[in-house]
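Residue numbers (this note's numbering): 1 to 99. Beneath this line is the structure, given in structure tokens, with notes to follow.
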Amino acid sequence: MSDLGRPEDFSRLPASVTLDGAPYWLVRNEEGGYRLLSALCPHAGGEVRVYEDMFLCPLHYWTFAQTDGACMNVSDERLMQRQVELRADGRLYAVGTDF
Ligand code: FES
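Laid out in structure tokens, this is it:
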């Protein structure tokens, strides 16, 4: 479990987060909660970046939804994700492993 900080520490989302030495984006999920999406593209490992209301991989231009990381070009592809919990102490924690 990794402490990501307080929600108010992030002035806007998606927010770039480094976890275990790897790049992620902290995003809002469909229910208004939080989620980490890996910034590494499942195609060949390019680092995705925010482009308008989605993520864009600069290597071959796959795009991904900002809520759940679903690939908008290739069905059945998506960014890896990790669960985030807002705990009673008011801080966000990354829990579990990528899936
Ligand atoms: S590595 Fe991301 S689209 Fe190819």
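Idealized CB from N, CA, C, for every residue including glycine. In this text the structure is predicted, and so the values were computed from the model without any measurement.
Counterpart residues of residue i in DSSP-defined beta bridges
i	result
cysteine 57	DSSP, once it has assigned bridges, lists no residue as partnering cysteine 57.
cysteine 71	Phe64
glycine 5	Leu92
proline 23	Thr18
Three-state class that DSSP yields for residue i in the structure shown
i	result
aspartate 89	coil
proline 14	coil
valine 50	strand
leucine 104	No answer is possible for residue 104: it lies beyond the span of the chain, which begins at 1 and ends at 99.
Pick from the options that is closest to residue i, judged by C-alpha positions
i	options	result
leucine 59	Val48, Tyr24, Gln66	Val48
arginine 12	Glu30, Val50, Val95	Val50
threonine 18	Tyr61, Glu30, Gly5, Asn29	Gly5
histidine 43	Arg35, Thr63, Leu26	Thr63
aspartate 3	Gly96, Phe99, Leu79, Arg91	Arg91
arginine 78	Leu56, Asp20, Asp89	Leu56
serine 16	Glu8, Val27, Met80	Val27
Does the region 50-70 come into contact with the region 82-99, if we say contact requires no fewer than three beta-carbon pairs (one atom in each stretch) closer than 8 Å?
no
With the ligand FES as the reference, list in chain order each residue whose Cβ lies under 5 Å from any of its heavy atoms.
Cys41, His43, Ala44, Gly46, Cys57, Leu59, His60, Trp62
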